[in-house]
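Down below is the structure, laid out as structure tokens.
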């Protein structure tokens, strides 16, 4: 039985020949591995043994030497029955949605995971991504829990991602709230990055509107809110995991990895509580496949009873014969000894 599920995300700045790098392959240690900015098109050379994958890629510009963007999600092949891509939710190449089945993973609800890359504000690929992401969340939040993870190019400092004092809301405004409205959970977080940029403001607004919480700086494994990106001009926190409040009780750890030579971003990961209890059905080594198929018909039941009856009768006759012969042999032996 498996009691936790690990999900990692990493902006790798080009997959390239990294699939030949043993250190890189050893870094894909999670149950679900989300890779951002793969710079790959649809290519069969992205296969990794013992992993299934889904991907999204941008169209290559005519004058470009390589692809840009790109998302690949590698997940362990043993989990394939519990993971499916959610189609028709987003038209963006910057986001890929997955559904984690509640029955397979032993969860209270299905979990909708968004592998998310939001381009910088100056990028031609940025297209109101925060607004579109909020719309996508609203479509799925009624069906299950939400987990967003990826490179959001947002710097939020330690600004609150919830309404700090709802008790001061005017009575007239409270009447506008739905009957099932729940107050915000005041779990404060830390951040070593003290900068707030425009993307960061939009991310905070998204969290408040969609009732999501930033996991960075809130959980064991990253209590200080470490930085996730190292560049020549400084470091920053731009890679995040967000979850709805209901899912937070199922989160065991949130980790931020160590810098490597493979990318100026570090991997981040979430460990979720689950209860995976499934076995692969294997043919018994003593069984032989017969290569013949039988069709069950209305008369099959009576025929089977008739055949089984004959088999049982023959078995009983054999037992009686054996018993009689043994008794005769014992009597002859007794007579010879007199």
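Residue numbers (full-length UniProt numbering): 1 to 338.
Even glycine gets a Cβ: it sits at the ideal position worked out from N, Cα and C.
Model, not experiment: these values are computed from the prediction.
Are there 16 or more other CB atoms within 10 angstroms of the CB of residue i, so buried, or fewer, so exposed?
{"i": "residue 301", "result": "exposed"}
{"i": "residue 66", "result": "exposed"}
{"i": "residue 277", "result": "exposed"}
{"i": "residue 145", "result": "buried"}
Cβ atoms of residue j and residue i: under 8 Å apart, would you say?
{"i": "residue 70", "j": "residue 97", "result": "no"}
{"i": "residue 150", "j": "residue 112", "result": "no"}
{"i": "residue 250", "j": "residue 30", "result": "no"}
{"i": "residue 50", "j": "residue 274", "result": "no"}
{"i": "residue 215", "j": "residue 242", "result": "yes"}
{"i": "residue 259", "j": "residue 9", "result": "no"}
{"i": "residue 238", "j": "residue 153", "result": "yes"}
{"i": "residue 208", "j": "residue 156", "result": "no"}
{"i": "residue 57", "j": "residue 82", "result": "no"}
{"i": "residue 140", "j": "residue 89", "result": "yes"}
Which same chain residues end up closer than 7 Å to residue i when comparing Cβ atoms and leaving out the 5 residues on each side of it in sequence?
{"i": "residue 248", "result": "213"}
{"i": "residue 253", "result": "219, 220, 221, 271"}
Excluding the 5 residues flanking residue i on each side, which residues of the same chain have their C-beta closer than 8 Å to its C-beta?
{"i": "residue 92", "result": "127, 129, 132"}
{"i": "residue 19", "result": "25, 45, 46, 48"}
Excluding five sequence neighbours on each side, which residues of the same chain lie with their C-beta closer than 6 Å to the C-beta of residue i?
{"i": "residue 12", "result": "35, 263"}
{"i": "residue 25", "result": "none"}
{"i": "residue 32", "result": "7, 75"}
{"i": "residue 2", "result": "276"}
Is DSSP giving residue i helix, strand or coil here?
{"i": "residue 31", "result": "coil"}
{"i": "residue 209", "result": "helix"}
{"i": "residue 248", "result": "helix"}
{"i": "residue 131", "result": "helix"}
{"i": "residue 258", "result": "coil"}
{"i": "residue 273", "result": "strand"}
{"i": "residue 309", "result": "helix"}
{"i": "residue 189", "result": "coil"}
{"i": "residue 22", "result": "helix"}
Comparing the C-beta of residue i with each C-beta of chain D, is any distance below 8 Å?
{"i": "residue 116", "result": "Among the chains of the structure shown, chain D does not appear; only one protein chain is present."}
For my contact list, residue i and residue j are in at a C-beta cut-off of 8 Å; report their separation, rounded to the angstrom.
{"i": "residue 190", "j": "residue 219", "result": "Residue 190 to residue 219, Cβ: 11 Å. No contact."}
{"i": "residue 60", "j": "residue 110", "result": "Not quite, the Cβ-Cβ distance comes to about 35 Å (not below 8 Å), so this is no contact."}
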